[in-house]
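In our numbering, the protein residues as written are 924 to 1594.
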């Protein structure tokens, strides 16, 4: 838990040193330029900058609390990206400007003394406020990423205190500090922290639906390692890496950190000294007006977002507490309508928190991954009834609070509660899916044998005609996003990413046959490829019954099959010459429909209207795909008229939007 304070300690130490150095230089310059001048205006500017920074942080915190859940995600995501930009710019600016900082500030102080006390205060304010706002924003984003715990705030306070203490020592004594080495080494730590904040911000925007890929999970370690382990706390606290991350988050994390560090340590070009225009030649008019504007504008920007974004409509807040010995024992009910609850976790374990309907345990609202010593708020629409809280630490405990009444007049419409689902509930659908996939793989093997037979007889036209049924049979297995691991790659892998491309020995299977059949290769040269494909399919049929499927994969697969079809087929990524992208997408519709049939009972019990909607949208997509044919033959997407392609894209987008509901609806609630 204490590791969560490390990022803000580094931020506070570095930014505090920058602020302290700026103030020290300003004081020294003032005493040298005008020995008899009072330093009160300067300290007034510093105080105003501090108040602005604290007010900005408070405005961010209280403004977010008034937003809806989606608006909160957008708010946190956008500000996280802004914080990353500011910190990155600050790192490079400090490397470039550190040597000239003292001279620049001394020149500004000299000009300000000539103008008057207001200009002196404004100079100090502007010099400190930039660093203060950066610090407030970055500290706020790291606090959000860690789950609103007080530990990051303590880390920032300790860092600032140490920094200011060092500055006092440096100012009053002759102690020397190698600031160049300090800023260089701390820059590396800041870049790693900023990469984590970037990953967190993108995750928030994915949760809000503004960035795609929310279901493209790169890894999920939450069921493998305990999030309460000390070493997990250290890693997540320092790097902001989460136990569950999407591919978008992982790629951006690595790309950002690598790119910025390479650019930072790249040798700098020696720039010619720039001619500085005297600040005294342009006297500052109305300095207090600029001072007030600098204080109010950042706060106005936050207020503008809050006013423009949907809010909780004045929802009344209530607190419930999770302790080591109880789950929301202080829950005493509430009034019907829109309500906001703040859940405080005072236990030593992280977990999942659910507000449930007492009669059937249907989920009304949930908080995922509430860490120890943290608090988080949720807003829900409550109809009159009896409700309870459920607190779950995966693999350790599952407790429920006493049930309590919600009374009064409820809202006109509330979101339907979600019946809880557990891994055993998915056992039947998983067995049905396993049998379906095994049958589809066996069908693929039969069709692939026809391709091999044609090649052995030197019949290239026959092999081309037999290839498409084999490929479509494979598509109907629903093998999206690298399913079946190495065997899946061997059977239908693409050449992209291989060192040798299409000539790489690792390029095998159906796509290798497609490339050869449509690029003039001889039948004899393709026979070994077809033989290996047959062996790999046979190996998969033997391996499939032994595979242990993750129950959570099946609901995700309902959405991923067509999502992967968009990525691979509709973009032309998978096409190796046959131009069969639309035909393959149609087979993916069949695979999706099969998964939905396997999940029919679970979906109908929770959203009776969803399956009829999906059936209509699936038929609309089938019609749009079949309309791209010419004379009964499939055409490559690039050869289809634009209007037809747009119909396919529209139908695909519509069904994908509806399918995105399935993984959330059938998410296995912890415990």
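All C-beta atoms in this analysis are idealised placements derived from N, C-alpha and C, irrespective of residue type, glycine included. Fair warning: this is a prediction, and the values are worked out from it, not measured in the lab.
*Among residues of its own chain, excluding the 5 on either side of residue 970, which ones have a beta-carbon nearer than 6 Å to its beta-carbon?*
none
*asked:* Determine whether the beta carbon atoms of residue 1120 and residue 1267 lie at a separation below 8 Å.
replied: no
*Contact set for residue 1243: own chain, Cβ-Cβ below 8 Å, skip 5 residues either direction*: 1251, 1253, 1254, 1264, 1265, 1266, 1267, 1312 and 1324
*Classify residue 1139 as helix, strand or coil using the three-state DSSP reduction.*
In the structure shown, residue 1139 sits in coil (DSSP, three-state: anything other than H, G, I, E or B).
_Unbroken stretches of the alpha helix (DSSP H), 4 residues or longer, contained in the segment 1308–1358_ = none
*asked:* Per DSSP, what are the beta-bridge partners of residue 1264 in this structure?
replied: Residue 1264 is bridged to 1241 and 1301.
*Taking the Cβ atom as the reference point for each residue, do residue 1362 and residue 1377 lie within a distance shorter than 8 Å?*
No. Outside cutoff.
*Proximity to residue 1595 [Cα-Cα], best of 1307, 1290 and 1341*: Outside the displayed range of the chain (924 to 1594) lies residue 1595, so it cannot be described from this structure.
*Whose CA, out of 1544, 1241, 1398 and 1491, lies closest to the CA of residue 1568?*
1544
_Measuring CB atoms only, is the segment 1481–1494 touching the segment 1418–1437, in the sense that at least three cross pairs come out at less than 8 Å?_
no
*Could you pull out every residue in the same chain whose Cβ sits closer than 6 Å to the Cβ of residue 1488, ignoring the five residues on either side in sequence?*
1508 and 1511
*asked:* Counting beta carbon pairs with one atom in the segment 1345–1365 and one in the segment 1461–1479, are three or more of them shorter than 8 Å?
replied: yes
*Could you check which residue in 1410, 1505, 1577 and 1330 has the C-alpha nearest to that of residue 1557?*
1505
*Per-residue DSSP class, three states only, for residue 1435*: helix
_Taking CB distances under 8 Å as the criterion, tell me whether residue 1552 reaches chain D._
No chain D appears in this structure, which consists of one protein chain only.
*Within this structure, are the beta carbons of residue 1563 and residue 1551 separated by less than 8 Å?*
The Cβ atoms of residue 1563 and residue 1551 lie closer than 8 Å to each other.
*Given a cut-off of 8 Å, decide if residue 1326 and residue 1371 are closer than it, judged by their beta-carbon atoms.*
Result no, Cβ atoms of residue 1371 and residue 1326 do not sit closer than 8 Å.
*Nearest to residue 1437 by CA position, among 1316, 1173, 1560 and 1497, is which residue?*
1497
*Identify whether residue 1203 lies in helix, strand or coil by the three-state DSSP scheme.*
At residue 1203 the pLDDT is 40, less than 50, meaning the model places this residue with poor confidence; the figure from the coordinates comes in the next sentence. Of the three classes helix, strand and coil, the one that applies to residue 1203 here is helix, per DSSP.
*Starting from residue 1523, trace the alpha helix (DSSP H) both ways and give me its first and last residue.*
1523–1529
*Which residues DSSP lists as bridging residue 1250, in chain order*: 1245
_Residues sharing a beta bridge with residue 1278, DSSP_ = 1288 and 1312
_Which residue marks the beginning of the alpha helix (DSSP H) containing residue 1465, and which one marks its end?_
Counting along the chain, the alpha helix (DSSP H) containing residue 1465 begins and ends at 1446–1466.
_For residue 1491 and residue 1517, I'd like the C-alpha separation in whole angstroms._
20 Å
*Figure out for me which residue from 1520, 1186, 1560 and 1467 has the closest Cα to the Cα of residue 1495.*
1560
*Just the C-alpha distance for residue 1167 and residue 1122, rounded to the nearest angstrom, thanks.*
11 Å
_For a test of the three-state rule: what should DSSP assign to residue 1577, helix, strand or coil?_
helix
*Using the C-alpha atoms, what's the distance from residue 1533 back to residue 1332?*
29 Å
*CA nearest to the CA of residue 1442, picked from 1408, 1383, 1391 and 1256*: 1383
*Under 8 Å between C-beta atoms of residue 1172 and residue 1125*: yes
*According to DSSP, is residue 1402 helix, strand or coil?*
coil
_Using CA atoms only, rank isn't needed, just tell me which of 1249, 1258, 1368 and 1411 is closest to residue 1241._
Among 1249, 1258, 1368 and 1411, the Cα nearest to that of residue 1241 belongs to 1258.
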